[in-house]
Amino acid sequence: MKELFSNYTLGNYISSKPFTNGTVQTNIKVQTTEGHFVFRYYENRSIQSVLFETNFLNYLKNHNFPCPKPFLDRDGSFVGKYKQKPYVVFEYMEGEHLKAPNEHQQAQLIKLAAELHNISKSYQPLYREARLNYNIETCRNLGHQQSERLNTKNAEQKCLWLENELKQLIFPEELPKGICHSDFHFTNILYKDDKCSALLDFDDANYTYLLFDLVVLVEYWAWRHDVEQYLNFIEAKKIISEYTKYRPLDTIEKRHFFDVYKLSILMDCIWYFDRGNVKDFYEKRKIDYLNQIGRKNFYEKLFE
Numbered sequence: 001m002k003e004l005f006s007n008y009t010l011g012n013y014i015s016s017k018p019f020t021n022g023t024v025q026t027n028i029k030v031q032t033t034e035g036h037f038v039f040r041y042y043e044n045r046s047i048q049s050v051l052f053e054t055n056f057l058n059y060l061k062n063h064n065f066p067c068p069k070p071f072l073d074r075d076g077s078f079v080g081k082y083k084q085k086p087y088v089v090f091e092y093m094e095g096e097h098l099k100a101p102n103e104h105q106q107a108q109l110i111k112l113a114a115e116l117h118n119i120s121k122s123y124q125p126l127y128r129e130a131r132l133n134y135n136i137e138t139c140r141n142l143g144h145q146q147s148e149r150l151n152t153k154n155a156e157q158k159c160l161w162l163e164n165e166l167k168q169l170i171f172p173e174e175l176p177k178g179i180c181h182s183d184f185h186f187t188n189i190l191y192k193d194d195k196c197s198a199l200l201d202f203d204d205a206n207y208t209y210l211l212f213d214l215v216v217l218v219e220y221w222a223w224r225h226d227v228e229q230y231l232n233f234i235e236a237k238k239i240i241s242e243y244t245k246y247r248p249l250d251t252i253e254k255r256h257f258f259d260v261y262k263l264s265i266l267m268d269c270i271w272y273f274d275r276g277n278v279k280d281f282y283e284k285r286k287i288d289y290l291n292q293i294g295r296k297n298f299y300e301k302l303f304e
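Using full-length UniProt numbering, you'd call the opening residue of the sequence shown number 1 and step up by one each time.
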């Protein structure tokens, strides 16, 4: 670590300690004579994928968005390489993680998501192809990969079910896109003085429909996970109402919120592809519930 930090103008290395949160990438808090920093070692990402992240975070920071700033090394690069894997040194952000934010703190996060989208909708990302951008093509390709990996009759039939559901989605060309964070888990949010002080971990950020993050927020706080196949439309409308204070939705976004919601569930199906029998598994029950409501009725329940 001392050798790696000698590549930066961030002071002399003193000590380091790994963070306990996070299970995908390795994060280490480092103290130097200049202060505290975060060393992030990417266990399973290409350099291009990491550059997508650092370039975007630098862009956000230049627009006064509360997120970790990536630091350039002495060679003017955001991304270094150690044992054939990329790493980045980030700004250390103050704050605490809250497992159960109150209504005011939830509103702070919703506002932050809207602000992120206002900034990202005009951003032209480099290395976009290095990320799994959430869309029909990505979901279909990943489904086939999962089916081939498992090589079972159940996986083959689940892939056919996935294909059929993807064919029913409608995404007009003019549906707004931008960079979404895609993972508002409490370990990725910092609060300070009752305010949302930082959004962390853009490891799942990708170029997709701007509605995707709003769907994630609705899923967290309006979908009844203790009662299967139930969306609390009153709570969902509250979340959407708070969001639209800062980024009003186009009519086309309202019309196709249903499709983006279904896409988010189908993407979850990819991550848990080996879970459950094709005739009855968690994501299928959620999709069946939405299909019973239908696109038109879903729109009316949320927006009329």
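A virtual CB, placed ideally from N, CA and C, is assigned to each residue, including glycine. Keep in mind the model is a prediction, meaning the values are calculated, not measured.
Where residue i and residue j are concerned, what is the direct C-alpha to C-alpha distance, given to the nearest angstrom?
| i | j | result |
| --- | --- | --- |
| residue 77 | residue 63 | 20 Å |
| residue 53 | residue 267 | 21 Å |
| residue 68 | residue 284 | 37 Å |
| residue 1 | residue 17 | 11 Å |
| residue 167 | residue 287 | 13 Å |
| residue 261 | residue 215 | 6 Å |
| residue 178 | residue 294 | 26 Å |
| residue 258 | residue 172 | 13 Å |
| residue 160 | residue 71 | 45 Å |
| residue 187 | residue 39 | 17 Å |
| residue 226 | residue 281 | 16 Å |
| residue 118 | residue 87 | 29 Å |
| residue 146 | residue 10 | 43 Å |
| residue 279 | residue 158 | 9 Å |
| residue 44 | residue 80 | 15 Å |
| residue 199 | residue 292 | 36 Å |
| residue 197 | residue 156 | 45 Å |
| residue 65 | residue 116 | 7 Å |
Which residue from the options puts its Cα closest to that of residue i?
| i | options | result |
| --- | --- | --- |
| residue 164 | 185, 173, 139 and 150 | 139 |
| residue 57 | 83, 248, 230 and 204 | 204 |
| residue 184 | 159, 158 and 218 | 218 |
| residue 152 | 15, 300 and 274 | 274 |
| residue 232 | 194, 162, 12 and 298 | 298 |
| residue 180 | 220, 235 and 121 | 121 |
| residue 193 | 104, 300 and 209 | 104 |
| residue 304 | 210, 154, 241 and 224 | 241 |
Report, in whole angstroms, the separation of the C-beta atoms of residue i and residue j, which I expect to be a contact under 8 Å.
| i | j | result |
| --- | --- | --- |
| residue 74 | residue 7 | 6 Å |
| residue 290 | residue 169 | Actually they are not in contact, since the Cβ atoms of residue 290 and residue 169 sit about 11 Å apart, beyond 8 Å. |
| residue 182 | residue 213 | 7 Å |
| residue 234 | residue 221 | Incorrect: roughly 11 Å between the Cβ atoms, too far for contact. |
| residue 243 | residue 133 | Not quite, the Cβ-Cβ distance comes to about 22 Å (not below 8 Å), so this is no contact. |
Length at least 4, wholly inside the segment 209 to 239: the alpha helix (DSSP H) runs in chain order: 211 to 221
Cβ contact (3+ pairs, closer than 8 Å) linking the segment 95 to 103 and the segment 111 to 127: no
Cβ contact (3+ pairs, closer than 8 Å) linking the segment 103 to 118 and the segment 21 to 33: no
Segments assigned beta strand (DSSP E), at least 3 residues, entirely inside the segment 75 to 105: 80 to 82 and 85 to 91
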